[in-house]
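Asks: Let me begin by handing over the structure; questions about it come next.
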Amino acid sequence: MQLIFEKSRKGRRAFRIPAVDVPVKAKLPSKYCRSNDALLAEVSELDLVRHFTNLSRLNFSVDTNFYPLGSCTMKYNPKFTEQIAGLEGFRELHPLFAQLDATVPYTQGALEVLFCAEQVLCEITGMTAFTTQPLAGAHGELTGAMIIAAYHRHKGNTPKYVIVPDSSHGTNPASAAIAGYEVMVIPTDKDGYMDMEAYKSKLGPESAAVMLTCPDTLGIFNPRIKEIADLAHKAGVLMYYDGANLNAVLGKVRPGDLGFDIVHLNLHKTFATPHGGGGPGAGPVGVTARLSEFLPVPRVIKKRDNTFALEYKFPHSIGPVAPFYGNFGVILKALAYIMLLGKTGLIEVSEIAVLNANYCLARLKDFYQVAYNKNRCMHECILSAVEQAKNGVRALDIAKYLIDKGFHPPTIYFPLIVKEALMIEPTETESKETLDSFIAVMIEIAKMSKTHPELVVNAPLCSPVKRLDETKAARELNLRWRPPLEKDG
Amino acid sequence: MSFIPHTEQEINEMLETIGASSIDELFKDIGPQMRPKSFHIPEGRSELEVDRYFKVMSQKNRPGLVNFIGAGFYEHYIPAVVDALASRSEFYTAYTPYQSECAQGWLQAMYEYQTSICELTGLDVSNASLYDGGTALCEAVMMAIRITGRNKVIVDCGVNHTYRTMLYAYTKNLAIEFVETPVVQGLSCRKDIYKLLDDRTAAVILQNPNFFGAVDDHSDIVDKTHSCGAVAIGSVYPISLGILKTPAEMGIDIATGEGQSLGLPLSFGGPYLGFMAVRKEYTRQMPGRIVGATVDKDGKPGYVLTLQAREQHIRREKATSNICSNEALCALRALMYLCALGKEGLRELALLNFHKSEFAKTCLDTIPGVVVKRSSPTFNEFTVMLPHDAEKVFEKMAAKGFACGFPLGRAYKGMENYLLVAVTEKRTKDEVMAFAKALEEAVCS
Numbered sequence: 004m005q006l007i008f009e010k011s012r013k014g015r016r017a018f019r020i021p022a023v024d025v026p027v028k029a030k031l032p033s034k035y036c037r038s039n040d041a042l043l044a045e046v047s048e049l050d051l052v053r054h055f056t057n058l059s060r061l062n063f064s065v066d067t068n069f070y071p072l073g074s075c076t077m078k079y080n081p082k083f084t085e086q087i088a089g090l091e092g093f094r095e096l097h098p099l100f101a102q103l104d105a106t107v108p109y110t111q112g113a114l115e116v117l118f119c120a121e122q123v124l125c126e127i128t129g130m131t132a133f134t135t136q137p138l139a140g141a142h143g144e145l146t147g148a149m150i151i152a153a154y155h156r157h158k159g160n161t162p163k164y165v166i167v168p169d170s171s172h173g174t175n176p177a178s179a180a181i182a183g184y185e186v187m188v189i190p191t192d193k194d195g196y197m198d199m200e201a202y203k204s205k206l207g208p209e210s211a212a213v214m215l216t217c218p219d220t221l222g223i224f225n226p227r228i229k230e231i232a233d234l235a236h237k238a239g240v241l242m243y244y245d246g247a248n249l250n251a252v253l254g255k256v257r258p259g260d261l262g263f264d265i266v267h268l269n270l271h272k273t274f275a276t277p278h279g280g281g282g283p284g285a286g287p288v289g290v291t292a293r294l295s296e297f298l299p300v301p302r303v304i305k306k307r308d309n310t311f312a313l314e315y316k317f318p319h320s321i322g323p324v325a326p327f328y329g330n331f332g333v334i335l336k337a338l339a340y341i342m343l344l345g346k347t348g349l350i351e352v353s354e355i356a357v358l359n360a361n362y363c364l365a366r367l368k369d370f371y372q373v374a375y376n377k378n379r380c381m382h383e384c385i386l387s388a389v390e391q392a393k394n395g396v397r398a399l400d401i402a403k404y405l406i407d408k409g410f411h412p413p414t415i416y417f418p419l420i421v422k423e424a425l426m427i428e429p430t431e432t433e434s435k436e437t438l439d440s441f442i443a444v445m446i447e448i449a450k451m452s453k454t455h456p457e458l459v460v461n462a463p464l465c466s467p468v469k470r471l472d473e474t475k476a477a478r479e480l481n482l483r484w485r486p487p488l489e490k491d492g
Numbered sequence: 004m005s006f007i008p009h010t011e012q013e014i015n016e017m018l019e020t021i022g023a024s025s026i027d028e029l030f031k032d033i034g035p036q037m038r039p040k041s042f043h044i045p046e047g048r049s050e051l052e053v054d055r056y057f058k059v060m061s062q063k064n065r066p067g068l069v070n071f072i073g074a075g076f077y078e079h080y081i082p083a084v085v086d087a088l089a090s091r092s093e094f095y096t097a098y099t100p101y102q103s104e105c106a107q108g109w110l111q112a113m114y115e116y117q118t119s120i121c122e123l124t125g126l127d128v129s130n131a132s133l134y135d136g137g138t139a140l141c142e143a144v145m146m147a148i149r150i151t152g153r154n155k156v157i158v159d160c161g162v163n164h165t166y167r168t169m170l171y172a173y174t175k176n177l178a179i180e181f182v183e184t185p186v187v188q189g190l191s192c193r194k195d196i197y198k199l200l201d202d203r204t205a206a207v208i209l210q211n212p213n214f215f216g217a218v219d220d221h222s223d224i225v226d227k228t229h230s231c232g233a234v235a236i237g238s239v240y241p242i243s244l245g246i247l248k249t250p251a252e253m254g255i256d257i258a259t260g261e262g263q264s265l266g267l268p269l270s271f272g273g274p275y276l277g278f279m280a281v282r283k284e285y286t287r288q289m290p291g292r293i294v295g296a297t298v299d300k301d302g303k304p305g306y307v308l309t310l311q312a313r314e315q316h317i318r319r320e321k322a323t324s325n326i327c328s329n330e331a332l333c334a335l336r337a338l339m340y341l342c343a344l345g346k347e348g349l350r351e352l353a354l355l356n357f358h359k360s361e362f363a364k365t366c367l368d369t370i371p372g373v374v375v376k377r378s379s380p381t382f383n384e385f386t387v388m389l390p391h392d393a394e395k396v397f398e399k400m401a402a403k404g405f406a407c408g409f410p411l412g413r414a415y416k417g418m419e420n421y422l423l424v425a426v427t428e429k430r431t432k433d434e435v436m437a438f439a440k441a442l443e444e445a446v447c448s
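Chains as they are written, first to last, in this note's numbering: chain A, 4 to 492; chain B, 4 to 448.
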């Protein structure tokens, strides 16, 4: 499709700026002014509408396609919650109002929403205190890692490492690094669990924390998780819970009860706020009582008179990690979702999410190698296309063939420790019919990889573009449009 | 209501296929001793009931104040077309476009966004968004440290105090030395910056317009920064770039900023949009997603996420940043906003903001005891000195229906009597005059 800039015509307008209604006297000296206008697109409103409407139609999305992108929890996003975030009293509210004494009374509803969100997340996770500041999951991890660092500094400890299993998300080690830590990687044993001997050998004063996803990125719940936590605590090491997979265990287990000290949640995963093509998300962080003094400021407090206020007086706080109180619009949607579902609804979410994943596993295990446990998984199942790859059909090819059939591909090549990984997370909002049609195509691919592998390898054929040349993109960087050079004779 | 489509019969059929007698059996790895000690969540409510709850909450906020607060976060009008288009669920219910063939809409939009940010800033390369203006600045500093291999950073106090506080918190565990330089007569203090610049300096951070709304030309500082081998970082207000000298024209290496003013509601602090644009040679040091143009196997143009080897999912602890989810939907809104305004519209809007705020200055100037600071030109925000404590005046003004500005004593010691006043296109001439009248009463009473 043509770029909006290629559709641009000099002088065309989509929006009229009001006329200047005040006397014009002063002029900005030219040395402070730009010499040329920014070459923004000049289009009519219809040009604009048609352009973006047509662009939108080139995407797969949850509202249009099954989207079993593992680790991302692409569940249905209820429309109602959009309406809540759009309420004028929230949408138009300047965040600084909450910081100015005279206007605090004007933000009581917003502060109460934040307070309620923190309370309900505490109960869901079994933690004592929450901050809503972190703006995404990885930002929550960084906040958590900063809390870990602040805690050890306060105790006079000088650990150097953060422990992560080799199946962890890339954001875990990357976040730990920004908090000043080196990363110690623990291998996965043959059953898909963190290798206990290797783990034990790394515990000690050199280690600050263990960052775990639970159930882990292999879709497995480690039955020895409490033992792992106990061993960490005995060694003075903190336990960090990456909440990416919380959708598997709502009401079934709480990180706080298992012995985790710090938790981050991805509201855009578990609590159904839209992923927005890559964000905005929200990554609130919860901690146990002994770590609450390190949470970012300001914190929302409920006063004796039942009003709400921001409190900055936490001398050990790591400071602010966001300009204000987090992605408020996202927090609103998540809270609305939690209120709609309630206790029973939340528990049902995990039950059906796990049922759906196990159903996919049960029906596909005879056609694909299963990374670890062949019989059970939690909310996602991790298959491996190693058998298909022998015939030249790799995980990437399977992904592309699925696009032709109208399914968004699963996450591929992650976890890194699984060869030709296909990470399928169906989520609870998908019906049996949808799963059945997806499974049918997956089985068809497995069969075709033996008989007509070239048909899979050539996919996609029906998408707006065929396979794109990523090497060319990286070698001959073209990261922006430029106007064609004027012909100057 | 949990948005689950399964009938009881289907659940049973599925369990049978799995070979489990019940759903509970699927959770048997979670032993009894691991089960929740409590799970006291109220039961679900109907949409109508939840709607009522949030309406009550939102009305508790209803300020009805005529707003003159900016301080880095501005109330601008959002064209209706932005909301209409950004609510296409083919955009907002998708995720990061890892699979490019089924995400060309998103990828092309991000390529267009990157182009628009490059045009705004004059710089060569933009990424596809960061969380907000503050974290974007933190990322810029970490880039500068990597580029120079040095660790001293000079920070102009004209940089938004919220961002400075975030920056120090963010980098507390890294060995970075920050030195702040004062604002003198509203502008960056050249003398102090030059004194501090040395061969250990990784970066100088500037902001234009600065927190006091003052417009500067930082070209001289940038030259000196470069001659020391350091990186010049500029935090900018995108609407002002409709008329102001671009970061590129000043020689800035890394421009960052808060994109909220580009079609995003204030929404009590988020979601917002961090943008970043850099000179070409620093492309590979950038954090976050970057979209590149390429061709498919038939030679047809298309777009992909590129330079992914910088990123956490590949490079892990050695990545240029830990960012994964960004603010794509906010970036899309910014693109739509910029396309709606267009080349002429953005300049007109910037001028309108400038003229309105100049008009407000002339109105406030006539108030006895109120002094509009005029030591340097400003864009749409300016500093006034009041005869007494700005917080007290603020309170009186709030009672009269005005959020009269940001009391500068909250961010700068010794500025208790100063108020930072923002005037955007949202404020009418009548509102500005009524504001001046109310302020006169408030300071004289």
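Positions of the beta carbon are idealized from the N, C-alpha and C atoms, including for glycine.
So, using beta-carbon positions, are A:TYR35 and B:ASP301 closer together than 8 Å?
Replies: no
Asks: At the level of alpha carbons, what is the spacing between A:ALA152 and B:ARG167?
Replies: 20 Å
Asks: Could you list the residues in the stretch 62-84 of chain A with a C-beta less than 7 Å from some C-beta on chain B, going in chain order?
Replies: Residues ASN62, PHE63, SER64, VAL65, ASP66, THR67, LEU72, CYS75, MET77, TYR79, ASN80, PRO81, PHE83.
Asks: When you compare the CB of A:CYS125 with every CB in chain B, is at least one pair closer than 8 Å?
Replies: Output row for A:CYS125: interface = no.
Asks: Would you say A:GLY492 faces chain B, with C-beta separation under 8 Å as the test?
Replies: Unreliable positioning characterises A:GLY492 in this predicted model, as indicated by a pLDDT of 41, which lies under 50. The coordinate reading is nonetheless provided below. No, no contact with chain B.
Asks: Thinking C-alpha only, which one of B:PRO45, B:GLU50, B:LYS31, B:SER92 is nearest A:ASN57?
Replies: B:SER92
Asks: Determine whether the Cβ of A:LYS229 lies closer than 8 Å to any Cβ atom of chain B.
Replies: yes
Asks: Could you give the DSSP three-state label for B:ILE21: helix, strand or coil?
Replies: Residue state for B:ILE21 is assigned as helix, using DSSP reduced to three classes.
Asks: At a CB-CB cut-off below 9 Å, which residues of chain A make contact with B:VAL128?
Replies: LEU480, LEU482, ARG483
Asks: Can you check which of these residues, A:VAL165, A:ALA477, A:TYR202, is closest to A:MET214 by C-alpha distance?
Replies: A:VAL165
Asks: So, with DSSP's three-state summary, where would you put B:ARG55?
Replies: In the structure shown, B:ARG55 sits in a helix (DSSP, three-state: H, G or I).
Asks: Rank A:PRO283, A:SER295, A:SER47, A:THR161 by C-alpha distance to the C-alpha of A:GLY207 and give the top, closest one.
Replies: Answer by Cα proximity: A:THR161.
Asks: Take A:THR432 as the anchor and find which of A:ASP24, A:ASN250, A:LEU221, A:GLU200 has the nearest alpha-carbon.
Replies: A:ASN250
Asks: Who does B:GLU261 pair with in a DSSP beta bridge?
Replies: B:GLY277
Asks: Given a cut-off of 8 Å on the beta-carbon distance, is the pair A:THR291 and A:GLY259 in contact?
Replies: yes
Asks: Using the DSSP secondary-structure output, state which residues sit across from A:LEU215 in a beta bridge.
Replies: The partner list for A:LEU215 (beta bridge, DSSP) reads A:TYR244.
Asks: Counting only runs of 4+ residues fully inside the stretch 90-137 of chain B, write out the alpha helix (DSSP H) ranges in chain order.
Replies: Annotation note: the stretch 90-137 of chain B contains the following uninterrupted alpha helix (DSSP H) runs of length 4 or greater, listed N- to C-terminal: 92-95, 107-124.
Asks: Taking 8 Å as the cut-off, does the stretch 118-128 of chain B touch the stretch 277-288 of chain B (at least 3 CB pairs, one atom from each stretch)?
Replies: yes
Asks: Distance, Cα to Cα, B:GLU183 vs B:GLN315?
Replies: 32 Å
Asks: If distances are taken between C-alpha atoms only, which option among B:GLY266, B:THR10, B:VAL69, B:ILE196 comes closest to B:ALA83?
Replies: Nearest option by C-alpha distance: B:GLY266.
Asks: Just verifying my parser: in three-state terms, what is the DSSP assignment at B:VAL396?
Replies: helix
Asks: B:MET253 and B:VAL234 - do their beta-carbons sit closer together than 8 Å?
Replies: no
Asks: If you drop the 5 nearest sequence neighbours on each side, which residues of the same chain put their C-beta closer than 8 Å to that of B:ILE3?
Replies: Residue 3 of chain B lies beyond the residue range present for chain B, which begins at 4 and ends at 448; the question has no answer from this structure.
Asks: Note down, in chain order, each residue of its chain lying with its Cβ closer than 7 Å to the Cβ of B:GLU142, except the 5 sequence neighbours on either side.
Replies: Answer for B:GLU142: LEU133, MET279, PRO290, SER324, listed in chain order.
Asks: Can you look up B:THR297 in the DSSP assignment and give me helix, strand or coil?
Replies: strand
Asks: Run through chain B and tell me which residues come within less than 8 Å of A:LEU99, C-beta to C-beta.
Replies: ILE72, ALA74, PHE76, PHE409
Asks: Using a Cβ-based criterion (distance less than 7 Å to any ligand heavy atom), does A:GLY92 qualify as near the ligand MN?
Replies: Inclusion of the ligand MN in the displayed structure is not the case, the ligand content being empty and no account of it being possible.
Asks: Out of A:LEU43, A:VAL46, A:ASP104, point me to the one whose CA is closest to B:ARG413's CA.
Replies: A:ASP104
Asks: Looking at the unbroken alpha helix (DSSP H) that takes in A:PHE331, where does it start and where does it end?
Replies: 331-367
Asks: What residues are listed by DSSP as bridge partners for B:GLY237?
Replies: B:LEU209, B:ALA258
Asks: Got a sec, what are the start and stop residues for the beta strand (DSSP E) B:LEU423 sits in?
Replies: 421-425
Asks: Below 9 Å on C-beta distance, what does A:TYR196 contact in chain B?
Replies: Chain B residues near A:TYR196: none, gap ~11 Å exceeds 9 Å.
Asks: Let's test the definition: count the other Cβ atoms within 10 Å of the Cβ of B:ALA401 and tell me whether it reaches 16, buried, or not, exposed.
Replies: buried
Asks: If the cut is a Cβ gap below 8 Å, which residues of chain B does A:PHE8 touch?
Replies: GLU115, THR118
Asks: Does A:ARG37 get closer than 8 Å to chain B when you measure Cβ to Cβ?
Replies: yes
Asks: Along chain B, which residues have their Cβ under 9 Å away from the Cβ of A:LEU278?
Replies: Strictly speaking, residue 278 of chain A in this sequence is His, with Leu absent from that position. The CB of A:HIS278 comes closer than 9 Å to the CB of TYR95, THR96, ALA97, TYR98, THR99, SER328, ALA331, LEU332 in chain B, given here in chain order.
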